[in-house]
Structures are given as structure tokens and as C-alpha cells.
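Only one structure is covered here, and it is reproduced in the block below.
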Amino acid sequence: MKQVSLTFSMLLFIAFFNACSVKSNINVSSPDKKVELTFENNEEGLTYQLNRNNEVLVGVSSISILPNIPVKILNTEINSVDTKWNPVWGGQFSEIKDFYNEIVIHIEVGGKTGKLLSRVYNDGVGFRFELDNVTAEDQLDFYAEYNLASNDVFYYTVGEHPPVGPVAIGSLSDEQAKLSKMLLPIVVEKSNKNHLSFLESDLYSSKGFSTMTMNFNKESGTLVSSSKPKYISEKVVTPWKVILFGDSAGDLVTSTVTVNLAAPCEIENTDWIKPGKTMWDWRVHGYTTPDGFVYGINTESYKRFINFADKKGIEYFLIDASWYKSATKGYFELTPELDLEAVIAYAEDKDVELILYYDRKFGEYGDKELFPYFQSLGMHGIKYGFMGEQCSVFS
């Protein structure tokens, strides 16, 4: 479980007669003093700049929660946290250090009060807004620009297709950006060889928000991210927008900033959670082996997967879509070539645990009935596909 202990807290109060017309600079550094995050609030709005080792990582960039509405800074609060926690699934680490300096900027925007929280780690920063007394009429958009040098290059993913890049910031146009949707994370290699990544954390605590979208703003010449809620509650908490940085791309992979920013585990007993590797059938359909066997959605194919998993010490086998032809309330019509009971028994004999797929494209079984049914089959996990925007509703 993640436990946060406050080791140092200092309040700084800054008074303004008119924060929109009075220039204000607010600075916070990382614990190792190598990273500096600077905020400025003036007539053009609230901006941030990110430096590392006295070099600019991200130049002056806009950040906002209500578009084109001036922000008034009421006061600021600086906190320092240095603690450790043990993750449920260690992955690379059995113990994670949560070590950062945080600045909380208390704001008034559009007649509403709130906060902009910014945490500065030695290898990353996170931004989050909290806003009170929000109504359905408010056009919320957690918007941030990433002002990079024109010769910086970036890479991004496009779903199942090969990643795109390197793309030079100076060569990017709106037309190019529209050719393919930029998906997270965005990875940047700067001309000084610093590496950055733009992503987010803790959508779990941000009810109504979907994954942030990335685009290119031709007017400002910057990459931009936007996070808009699908529905609004009176108290709004946005996801964390995250910028990771390091000397190499590998440093981005080993960073723990995103998990430190994520909500703590609320499950009291986690003994039943057993992470592991899995075989997966979907991309092998139609493949012909050297001995002439053709993989498909059938009993023999799945037994061969289970044999391989057993031989290689792979804990799970995921049976993906099309194991059933249709679904109605409380009933699945199985694919004729598949004897699911035989596969379950075979996997149990080989000590390979099964994960089963479900989506609503071929009918609705019913969620209340689905999970007990999968449990009765002896499934150890479920892959619930094509949830779309309903993910935020179910969370």
C-alpha cells in the first residue's frame, strides 16, 4: 500500500490586488536541485517552464482548466515528501521511493476556487487541477502546451501500426498531425540528447475523464494535450499530466513517477492478485507450423498453446475473441470447433491458468451474470474488450 508522509510543509502567501495584471513568478525545484519548474501569471494567462541542469526542457507553455478565462492566484503552498512504499506487484521494484517537492497554487478562475498541484521529482513532474462548484455549463478543458525547440524530434504510437518518428517539431503541420492520431506516450529526443515523455496518471481518481488527446497547435507551434470530462461533478479532480525526463530513453522506462502519482491501492487483501506472463492466441490465427498444423479457434489449437506455456513456465493463456458466436442474457453460444470444458480441464492438468475474453459486439450476457459465470468456469482473469467511453462510467 502507498503511504504518504509529509516531512516538510511551508505556506507562502502572496497577495495581489489584481493577479491578472500583476506579473507573478513561482518556482519549485526537485529534491536534487537539478530540475526547476517556474510558473508565471500575467495578462496572457498562466504558463510554466521546465529546466534541467540549467537547460530548457520545455519552454514557456500555457496551462489552463477553463479556456480563455483569467486566473487569479490567491496563495501558494510548498510541501516536501520523502517516503517509501511497497507495490502490490513489484515489477522492477519491490520498494518504491516517493520523493518530490510539491507546489500547490490556490486559484480563482471564472468565479470558482481551486488548486493547481505540481509535483517535481528528480526524473519527472506532474500537474493536476482541482476545482470546486463546477456546473454542467462550465466548459472544462485541462489544456497544456509543450513548447519544444524546432530541432527536437518526437515519436508516437498509432495503435497496432508501427510507431511514427522521428518527427522534427519544426517540420510538423496541422495536416501532418491529422494523418494519424497521436497516442500516448509521446517520446521526445531533444537536440541536447535529453529524453522526455508526455503521458498521464491516475484517471481512476478523475471521474468522467477519458485519456488525454495530443495534437499540434500550428498557431503556437507546440504540441498540446487536452483532457475534457464526459460528465461533470461539482468537485472536479483532473488526471495528472506527466512529463518524464532522463539522459536516455531507458531512463523513461525505469521511472516510477507515474505509479507514485497513481491512487493508492484500496484493496485490503491483495493475496489473490498473481501477476505473470501470458500466451495469447489472437495474432496466431491462420499460422501454419512446420509440421503443417494451422492455428485457429478450436480445441486442438488451444491445447498446443497450453503445452507451450507449460513447457516454458508461462503462467497464463489468454483466449481472445470469437470463442463464442453470440451472447444473450445469461447464455453464450460457443464456436462449434471449440470444446471449452475440455480446454479448461487440459489447462488445469498442465497447471496453466486461463484468462477469457468478452465484449458486447455479439450480444450482452449481462455484467451481473458475467463475472460469477467466469468464476464458475475457473477463469483467473477477464479481458473486457471495446468498453470505449464506458470505462469512465464503470470506474
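Reading the sequence shown from the start, the letters are residues -19 to -1, 1 to 376 in mature numbering (1 follows the signal peptide of the UniProt record, and there is no 0).
We treat Cβ as the ideally placed atom computed from N, Cα and C, and that holds for glycine.
- For S10, the three-state secondary structure derived from DSSP is strand.
- Note: A308 is bridge-paired with F313 in the DSSP secondary-structure output.
- About 4 angstroms separates the Cβ atoms of H361 and E334, confirming a contact at the 8 angstroms cut-off.
- Remark: C-beta atoms of Y297 and I336 approach each other more closely than 7 angstroms.
- As a beta-bridge residue in DSSP terms, T203 pairs with N198.
- Annotation note: the segment 168 to 199 contains the following uninterrupted beta strand (DSSP E) runs of length 3 or greater, listed N- to C-terminal: 176 to 182, 194 to 198.
- Scanning the segment 76 to 136 for uninterrupted beta strand (DSSP E) segments of 3 residues or longer gives 77 to 90, 93 to 101, 105 to 112, 123 to 127, listed from N- to C-terminal end.
- When C-alpha distances from G344 are compared across K199, L319, P353, E314, the shortest belongs to E314.
- Take the alpha-carbon of I278 and the one of Y327: they are about 16 angstroms apart.
- CA-to-CA, the gap between I84 and L129 works out to about 23 angstroms.
- Between the beta-carbon of V134 and that of V148 there is about 6 angstroms, and that keeps the pair under the 8 angstroms contact cut.
- Per the coordinates, the alpha-carbon of W221 lies some 45 angstroms from the alpha-carbon of D330.
- K171 counts as buried, since at least 16 other C-beta atoms from the protein chains shown sit within 10 angstroms of its C-beta.
- Scanning K162, V39, T239 for the CA closest to the CA of K78 turns up T239.
- DSSP places G231 within a helical segment (H, G or I) once states are collapsed to three.
- Residue nearest to T219 within the set F108, T259, L233, E141 is F108 (criterion: CA-CA distance).
- In terms of Cβ geometry, P48 and D122 form a close pair [threshold 7 angstroms].
- Residue range 259 to 261 is occupied by the beta strand (DSSP E) that includes T259, with no alpha helix (DSSP H) assigned at that position.
- In this structure L180 touches V223 by the C-beta definition: roughly 5 angstroms separates them, less than 8 angstroms.
- Between L18 and V90, the CB-CB gap reaches or exceeds 7 angstroms.
- Under the DSSP definition of a beta bridge, K342 lacks any partner.
- In this structure, the straight-line span from the alpha carbon of Y354 to that of C246 is close to 26 angstroms.
- Within the segment 268 to 300, the complete beta strand (DSSP E) runs of at least 3 residues fall at 297 to 300.
- Short of 6 angstroms from the beta carbon of A125, and not among the five residues preceding or following it, lie these beta carbons of its own chain, in chain order: I44, S206, K222.
- Contact annotation, S303 with T316: C-beta distance approximately 6 angstroms; criterion of less than 8 angstroms satisfied.
- Residue burial annotation: F110 is buried, with at least 16 other C-beta atoms found within 10 angstroms of its C-beta.
- When the five nearest sequence neighbours on each side are left out, the beta carbons in the same chain lying within less than 6 angstroms of the beta carbon of M193 are those of E181, S206, S208, in order along the chain.
- The beta carbons of Q30 and V41 sit closer together than 7 angstroms.
- In the three-state reduction of the DSSP assignment, A244 falls in the coil class.
- Annotation for Y327: the continuous alpha helix (DSSP H) segment containing it runs 321 to 331.
- Burial state of S187 is buried, judged by a 10 Å Cβ sphere holding 16 or more other Cβ atoms.
- Counting only the Cα atoms, K211 lies some 27 angstroms from F352.
- Per DSSP, reduced to three states, the secondary structure at V41 is strand.
- W66 is bridged by DSSP to I77.
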